[in-house]
Amino acid sequence: MLRRHHRFFQSIQVLRDAVLVAFAVYLAHLVRFSFPQTFPFREISPLNETMWVGAALTVGWPVIGWASGLYVSRRTRSAITEVFDCFKVSLISFLVIVTFTYFVRDVRFSRGVFVLWALASFIVVALARVLSRIALGILRARGFNLRHVLVVGTGHLARRVVSTVEQNQSLGLRVTGIIALDEEKERIGEELDGVRISGVISNLRSILNDGSVDQVLVALPMEQLGALKTIMATLSQETVDVRVIPDLYQYMTLCGGIDEFAGLPLINLQATPLVGWNLVIKRFFDVLMACAGLLVVSPIMAALALIVRFSSRGAIFYAQERVGMDGRTFTMYKFRTMCASAEADGEKMTTAKDPRRTTIGIILRTLSLDELPQLWNVLRGDMSIVGPRPEQPGFVEDFKREIPRYALRHKIKAGMTGWAQVNGMRGNTSIEKRIELDLYYIENWSMGLDMKILARTVFGGFLSRNAY
Numbered sequence: 236m237l238r239r240h241h242r243f244f245q246s247i248q249v250l251r252d253a254v255l256v257a258f259a260v261y262l263a264h265l266v267r268f269s270f271p272q273t274f275p276f277r278e279i280s281p282l283n284e285t286m287w288v289g290a291a292l293t294v295g296w297p298v299i300g301w302a303s304g305l306y307v308s309r310r311t312r313s314a315i316t317e318v319f320d321c322f323k324v325s326l327i328s329f330l331v332i333v334t335f336t337y338f339v340r341d342v343r344f345s346r347g348v349f350v351l352w353a354l355a356s357f358i359v360v361a362l363a364r365v366l367s368r369i370a371l372g373i374l375r376a377r378g379f380n381l382r383h384v385l386v387v388g389t390g391h392l393a394r395r396v397v398s399t400v401e402q403n404q405s406l407g408l409r410v411t412g413i414i415a416l417d418e419e420k421e422r423i424g425e426e427l428d429g430v431r432i433s434g435v436i437s438n439l440r441s442i443l444n445d446g447s448v449d450q451v452l453v454a455l456p457m458e459q460l461g462a463l464k465t466i467m468a469t470l471s472q473e474t475v476d477v478r479v480i481p482d483l484y485q486y487m488t489l490c491g492g493i494d495e496f497a498g499l500p501l502i503n504l505q506a507t508p509l510v511g512w513n514l515v516i517k518r519f520f521d522v523l524m525a526c527a528g529l530l531v532v533s534p535i536m537a538a539l540a541l542i543v544r545f546s547s548r549g550a551i552f553y554a555q556e557r558v559g560m561d562g563r564t565f566t567m568y569k570f571r572t573m574c575a576s577a578e579a580d581g582e583k584m585t586t587a588k589d590p591r592r593t594t595i596g597i598i599l600r601t602l603s604l605d606e607l608p609q610l611w612n613v614l615r616g617d618m619s620i621v622g623p624r625p626e627q628p629g630f631v632e633d634f635k636r637e638i639p640r641y642a643l644r645h646k647i648k649a650g651m652t653g654w655a656q657v658n659g660m661r662g663n664t665s666i667e668k669r670i671e672l673d674l675y676y677i678e679n680w681s682m683g684l685d686m687k688i689l690a691r692t693v694f695g696g697f698l699s700r701n702a703y
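Residue 605 in the working numbering sits at position 370 of the sequence shown; the count goes up by one each step and never skips.
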């Protein structure tokens, strides 16, 4: 029954998105050709001449969405993830249709309409999905569209499951009971975080007979997983969905999750966070921002180069080896802010009132203007606009020995600015706190977080009392 309902609602979602994408085509065409003062260089293209392209977009968007997993039912998927998935589908659809029309030269279709359509399709579909989530959340809070869950286990993992479900009621899951191991029979009737222990594994089938349970979540600690064979033998005669929550949280260090390799299930304990389209989108963002940045600040950089050159003896730029993604070293560029003999006695951390700094160097460091040449590093692919700040190889080896999980910050590219920096962790501040913030960024990466960090850097992060 649940599977039939799922297929029905899935079909409704596909149909809804197709209608909205068709509306976005019409809206884009209307905007493009209703404002000649904004788009003066094209003759008006009749809508009926471009209907076949609109039809292709209307069908293509849901197809790409289906292939991308947009219609897979996941009650645990966050709203931000769903909106970002819509953005990815709109971007892919836009790139596909633009590539196609580039090679088919006789297509009469405004490229401006394509751009407007991509933007409109993302907005209307994402908005519809957000509104649907709000409506579902209201319905679920009132007891509709619920999935009733039975949790197997009474330990810390089971408590965490119960707590998580209780804190996310908008997902439509309700824990109706807890199943204990057979040797814990005396605990029947007790409550675990407000949920009654309703039975043990040996009478699990009788509990399921009334058909009120939709899912069974097995949340046993590792030392009790031997009971899983008995549980599955019992549940193999039932039609409920069964999911196992592995007791591996204490081993997961970075971006843990479930994956698949040639049909074999994999549990990631430590994985690279940026893969697939996320990697492509972040790189596209980096190149776009680096090009725009170089165009905007090139006059400032030229003026700073002259000031550095004539204010003190030495080179304009300072090149230094830093450790980046996967522990590989690269040459990072900055405007020189210290005297030419600053590293005659070896590498040292910069300190407040460091005598090696030049007068101009103090100003550049305080305003973070010495970092501008790193836009070239971003364009080359050595760095990203946003990411953990890179360190010198000598310091990295010391930190790896002294600070647990330090090496994990090298799972992504180093950045010109980062979550640690916009939270005040610059200069001679706590390395441990800096690593904590860097790992938070990696675990919770999204384009939204990158934009937030960039905005805080531009509007509030250039001037820092910790920068010296």
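Don't be surprised by glycine CBs; every beta carbon is placed ideally from N, CA and C.
Here the structure is a predicted model, which means the values were calculated and not measured.
Please state whether DSSP places Gly429 in a helix, a strand or coil.
Locating residue 429 in the sequence shown gives position 194, where the first residue counts as 1. DSSP, reduced to helix, strand and coil, places Gly429 outside both helices and strands of the structure shown, so it counts as coil.
Which of the three DSSP states, helix, strand or coil, is assigned to Thr572?
As a working mapping, residue 572 is identified with position 337 in the sequence shown. In the structure shown, Thr572 sits in coil (DSSP, three-state: anything other than H, G, I, E or B).
Less than 7 Å between the beta carbons of Leu427 and Thr399, yes or no?
Your numbering for residue 427 matches position 192 in the sequence shown. Your numbering for residue 399 matches position 164 in the sequence shown. No; because the gap between Cβ atoms is not below 7 Å, this pair is not in contact.
CB-CB under 8 Å to Ile647, same chain, minus the five flanking residues each way: which ones, in chain order?
Here residue 647 is taken as the residue at index 412 of the sequence shown, counted from 1. The beta carbon of Ile647 is closer than 8 Å to those of Thr507, Pro508, Leu509, Met560, Ser619, Gly622, Pro623, Ile677 and Trp680 in its chain, skipping five residues each way along the sequence.
Taking C-alpha atoms, which residue in Val522, Val307, Leu326 and Glu425 lies nearest to Ala415?
Working through the sequence shown from its first residue, we reach residue 415 at position 180. Of all alpha-carbon atoms in Val522, Val307, Leu326 and Glu425, the one lying nearest the alpha-carbon of Ala415 is that of Glu425.
Between Ala436 and Arg640, what straight-line distance do the alpha-carbon atoms span, to the nearest angstrom?
Numbered from its first residue, the sequence shown carries residue 436 at position 201. Numbered from its first residue, the sequence shown carries residue 640 at position 405. Strictly speaking, residue 436 in this sequence is Ile, with Ala absent from that position. Straight across, the Cα-Cα distance linking Ile436 with Arg640 is about 39 Å.
Based on Cα-Cα distance, which residue from Arg592, Leu501 and Asp617 lies nearest to Asp605?
On the sequence shown, position 370 is the one that residue 605 refers to. Among Arg592, Leu501 and Asp617, the Cα nearest to that of Asp605 belongs to Arg592.
Relative to the alpha-carbon of Thr652, which residue among Ser325, Leu689, Glu671 and Asp617 has its alpha-carbon at the smallest distance?
As a working mapping, residue 652 is identified with position 417 in the sequence shown. The shortest C-alpha separation from Thr652 is found at Leu689.
Counting along the chain, where does the beta strand (DSSP E) carrying Arg409 start and finish?
To locate residue 409, count along the sequence shown from 1; it is residue 174. Counting along the chain, the beta strand (DSSP E) containing Arg409 begins and ends at Leu408 to Ala415.
Once the 5 residues before and after Arg691 are set aside, which same chain residues still bring their CB inside 8 Å of it?
Residue mapping note: residue 691 aligns to position 456 of the sequence shown, counting from 1. Within the same chain, Arg691 has close Cβ partners Val657.
Going along the chain, which unbroken runs of the beta strand (DSSP E) with 3 or more residues stay wholly within the stretch 416–472?
Complete beta strand (DSSP E) runs here, min 3: 430–435 and 450–453.
Quick one: using the 10 Å Cβ neighbour count with 16 as the cut-off for buried, is Arg571 buried or exposed?
Your numbering for residue 571 matches position 336 in the sequence shown. Taking a 10 Å sphere around the C-beta of Arg571, we find 16 or more other C-beta atoms and assign the residue as buried.
So is Pro534 buried or exposed if we call it buried at 16+ other beta carbons inside 10 Å?
One-based indexing of the sequence shown puts residue 534 at position 299. The residue in question, Pro534, is exposed, as its Cβ has fewer than 16 Cβ neighbours within 10 Å.
Which residue's Cα is closest to the Cα of Glu556: Arg544, Lys569 and Phe379?
The residue given as residue 556 occupies position 321 in the sequence shown. Distance check between Glu556 and each of Arg544, Lys569 and Phe379 places Lys569 closest, using alpha-carbon atoms only.
What are the boundary residues of the beta strand (DSSP E) that includes Glu556?
The residue given as residue 556 occupies position 321 in the sequence shown. Here the beta strand (DSSP E) through Glu556 covers Phe552 to Val558.
Do the stretch 628–639 and the stretch 543–552 meet, that is, are 3 or more Cβ pairs less than 8 Å apart?
Counting Cβ pairs under 8 Å, fewer than three are found: no touch.
Ignore the nearest five residues each way along the sequence and tell me which others in Met457's own chain have a CB closer than 6 Å to its CB.
Numbered from 1 along the sequence shown, position 222 holds the residue referred to as residue 457. Asp482.
How about Asp521 and Phe565: do their beta carbons lie closer than 7 Å?
Counting from one through the sequence shown, the residue named residue 521 turns up at place 286. Counting from one through the sequence shown, the residue named residue 565 turns up at place 330. No, Cβ-Cβ distance for Asp521 and Phe565 is not below 7 Å.
State the DSSP-derived secondary structure class of Gly650, mapped to helix, strand or coil.
Taking the sequence shown and counting its residues from 1, one reaches residue 650 at position 415. Gly650: strand per DSSP, three-state reduction.
Assigned secondary structure, Phe379 (DSSP; H/G/I helix, E/B strand, else coil)
Here residue 379 refers to the residue found at position 144 when the sequence shown is read from its first residue. Assignment of Phe379 by DSSP, reduced to helix, strand and coil, places it in the coil class.
Within 10 Å of its beta-carbon, does Arg440 have 16 or more other beta-carbons around it, so buried, or fewer, so exposed?
Position 205 of the sequence shown, counted from the first residue, corresponds to residue 440. It is exposed - the Cβ of Arg440 has fewer than 16 other Cβ atoms within 10 Å.
With DSSP run on the structure shown, which of helix, strand or coil describes Val475?
Along the sequence shown, read from residue 1 onward, the residue named residue 475 stands at position 240. In this structure, Val475 counts as coil in the three-state DSSP scheme.
Count the other CB atoms, across all protein chains shown, that sit within 10 Å of the CB of Arg242; report buried if there are 16 or more and exposed otherwise.
In the sequence shown, counting from the first residue as 1, residue 242 sits at position 7. The Cβ neighbour count for Arg242, taken over all protein chains shown within 10 Å, is under 16; the residue is labelled exposed.
Kindly list the residues whose CB is nearer than 6 Å to the CB of Ala655, restricted to its own chain and excluding five residues on each side of it in sequence; keep chain order.
By one-based count along the sequence shown, residue 655 stands at place 420. Closer than 6 Å at the Cβ level, and outside the excluded window around Ala655, lie Arg669, Leu672 and Asp673.
I want to know whether the stretch 315–333 touches the stretch 351–365 - three or more CB-CB distances under 8 Å.
Yes, the stretch 315–333 touches the stretch 351–365.
Evaluate Trp296 with the Cβ neighbour count: other Cβ atoms within 10 Å of its Cβ, from every protein chain shown; 16 or more gives buried, anything less gives exposed.
Taking the sequence shown and counting its residues from 1, the one referred to as residue 296 is at position 61. Buried: at least 16 other Cβ atoms inside 10 Å.
Kindly indicate which three-state DSSP category Met567 falls into: helix, strand or coil?
Within the sequence shown, residue 567 is the residue found at index 332, counting from 1. Strand.
Among Val288, Thr334, Thr293 and Ala361, whose alpha-carbon lies nearest the alpha-carbon of Ser313?
Taking the first residue of the sequence shown as 1, we reach residue 313 at position 78. The shortest Cα separation from Ser313 among Val288, Thr334, Thr293 and Ala361 belongs to Ala361.
Since I believe Ala291 is in contact with Phe329 (beta carbons under 8 Å), could you give me their beta-carbon distance rounded to a whole number of angstroms?
The residue labelled residue 329 in the question sits at position 94 within the sequence shown. The residue labelled residue 291 in the question sits at position 56 within the sequence shown. Rounded to the nearest angstrom, the Cβ distance from Phe329 to Ala291 is 12 Å, too far for a contact under 8 Å.
Please work out which residues of its chain come closer than 6 Å, Cβ to Cβ, to Ala393, disregarding the five sequence neighbours upstream and downstream, and give them in chain order.
In the sequence shown, residue 393 corresponds to position 158, counting from 1. The beta carbon of Ala393 is closer than 6 Å to those of Val386 and Ala454 in its chain, skipping five residues each way along the sequence.
Same chain only: Cβ atoms within 8 Å of Ser405, ignoring 5 sequence neighbours per side:
The sequence position of residue 405 within the sequence shown is 170, counting from 1. Excluding positions up to five away in sequence, the list reads Arg368, Leu371, Gly372, Arg375 and Ala376.
For Asn503, does the three-state DSSP call read helix, strand or coil?
The sequence position of residue 503 within the sequence shown is 268, counting from 1. Of the three classes helix, strand and coil, the one that applies to Asn503 here is strand, per DSSP.
What is the DSSP secondary structure of Arg600, counted as helix, strand or coil?
For the purposes of this step, residue 600 is identified with residue 365 of the sequence shown, where counting begins at 1. When secondary structure is reduced to three states using DSSP, Arg600 falls in the helix class.
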